[in-house]
Ligand SMILES: Cc1cc2nc3c(=O)[nH]c(=O)nc-3n(C[C@H](O)[C@H](O)[C@H](O)COP(=O)(O)OP(=O)(O)OC[C@H]3O[C@@H](n4cnc5c(N)ncnc54)[C@H](O)[C@@H]3O)c2cc1C
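Residue numbers (the numbering used here): 123 to 509.
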């Protein structure tokens, strides 16, 4: 079977055929040296993959076709994720695709959509997320970075932190304070800023793996166009909740747990544990939890496809996924025994790297809302328990 033409509609294919098409294409086009990376890759590293997806029209499976997406059904998106994971494909710099794009499609002006969406798809604009500040993480509404209107421009002052791959980005979407006199959630706006604007300083932070995965970003009288406001003045909290909803669905995707469980099986085979009853019991339980997560994920993707905005219950997905991913990698560390302490992959096999996956799984219960915060959201807004 030949590869599909760029942009060719694929949603009508039967699932098995679609899976084969994706598998063949990924095997033919994924840069072999980027398989199973042990860390998040920088754009300078994963750009060939980003551009291959872009050229094929496969960068935004969930976006509608009118905006250059694939317009795929939920089930097909899952198949695509599974095939990418099976092949060990790296995550690209996808904040424009998974967070900003859907927000602009829902709340952007026509001009904003026409200007920004094609540039996300072409790889011209790489986005970072500027929400957190040194004293505004879980309590995000406490953010202090200000934007004041001066003629036709906003003047930005303040600091963002934990900005993932901020050193790769040439644009950043920001939450900023535009009114200090009202309740804290009511005085926040959502702004877009080019990272090369004078007055922006980016300082990388090393993570526990000595990787410059995050940055601090400082804004000193940075001027951005008035039209870069998304969703109206002081509507930033509503915008933030929408993006967080998308983020919780994206982070809630079963792909990380599914990938980790595959690696657990590989590891067990290598350590000759497949016949061990204690291992079988633990692994079977994890496999069942993963099946639950996949079913849950699919219900959310279906709702989004119907045009529903993700609500507070999307927190459940992110909570289940991030904790399951951690549990699987904890079991990997346990069964790997003395080899668990190795920072390098076992026998040089990039697919067998318990400590690497364990480290990757740790932050999932912090970003996009920590587990404690998500449990509170669920208790209050879904179960309607009184605090
Ligand atoms: C890998 C990674 C990538 C990130 N990328 C980005 C990014 O690109 N852009 C961005 O803006 N931010 C990013 N963040 C920041 C992330 O959003 C924050 O770390 C997160 O919101 C938690 O905030 P904090 O770190 O200030 O911790 P804190 O809010 O200080 O929380 C510390 C601890 O206290 C607990 N806690 C806090 N408040 C409560 C409460 N009310 N009830 C119960 N427990 C509570 C938390 O659960 C946590 O365990 C990233 C973080 C990580 C780890």
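C-beta atoms are modelled at their ideal positions from N, C-alpha and C, and glycine is treated no differently.
Taking C-alpha positions only, residue 373 is separated from residue 133 by approximately 23 Å. Ligand 1 has a heavy atom closer than 7 Å to the beta-carbon of residue 259. In the three-state reduction of the DSSP assignment, residue 303 falls in the coil class. Where residue 252 is concerned, there is no enclosing alpha helix (DSSP H), although the beta strand (DSSP E) around it starts and stops at 249–252. Annotation: the continuous alpha helix (DSSP H) that includes residue 199 extends over 196–209. Nearest to residue 266 by C-alpha distance, out of 274, 253, 474 and 468, is 253.
Annotated three-state conformation of residue 437 is helix, per DSSP. DSSP assignment within the stretch 476–500 yields the following whole alpha helix (DSSP H) runs of 4 residues or more, N-terminal first: 476–483 and 493–499.
Unbroken alpha helix (DSSP H) runs of no fewer than 4 residues, entirely contained in the stretch 209–276, are found at 223–229 and 232–244, following chain order. Relative to ligand 1, the beta carbon of residue 284 is positioned inside 7 Å of a heavy atom. Bridge partners of residue 294 according to DSSP: 250 and 315. Taking 7 Å as the cut-off, the C-beta of residue 254 counts as close to a heavy atom of ligand 1. In this structure, the straight-line span from the alpha carbon of residue 220 to that of residue 243 is close to 11 Å. By the neighbour-count criterion, in which 16 or more other beta carbons inside 10 Å mark a residue as buried, residue 437 falls on the buried side. DSSP lists 269 and 344 as the bridge partner or partners of residue 278. Residue 143: member of the alpha helix (DSSP H) spanning 137–151, first to last residue. Per DSSP, reduced to three states, the secondary structure at residue 326 is strand. DSSP, reduced to helix, strand and coil, places residue 466 outside both helices and strands of the structure shown, so it counts as coil. Leaving aside the five residues that flank residue 467 on each side, the residues in its chain whose CB is nearer than 6 Å to its CB run, in chain order, 474 and 475. For the 8 Å CB-CB criterion, residue 385 and residue 479 form a contact. DSSP places residue 189 within a helical segment (H, G or I) once states are collapsed to three. Between the stretch 303–315 and the stretch 326–340, the count of C-beta pairs closer than 8 Å stays below three; the two stretches do not touch.
Note that the stretch 282–289 does not touch the stretch 345–352; fewer than 3 beta-carbon pairs, one per stretch, sit closer than 8 Å. Rounded to whole angstroms, residue 296 and residue 313 show a C-alpha spacing of 5 Å. In the DSSP assignment, residue 387 falls within the unbroken alpha helix (DSSP H) covering 377–392.
Proximity of the stretch 352–366 to the stretch 220–231 meets the contact definition, three or more beta-carbon pairs being nearer than 8 Å.
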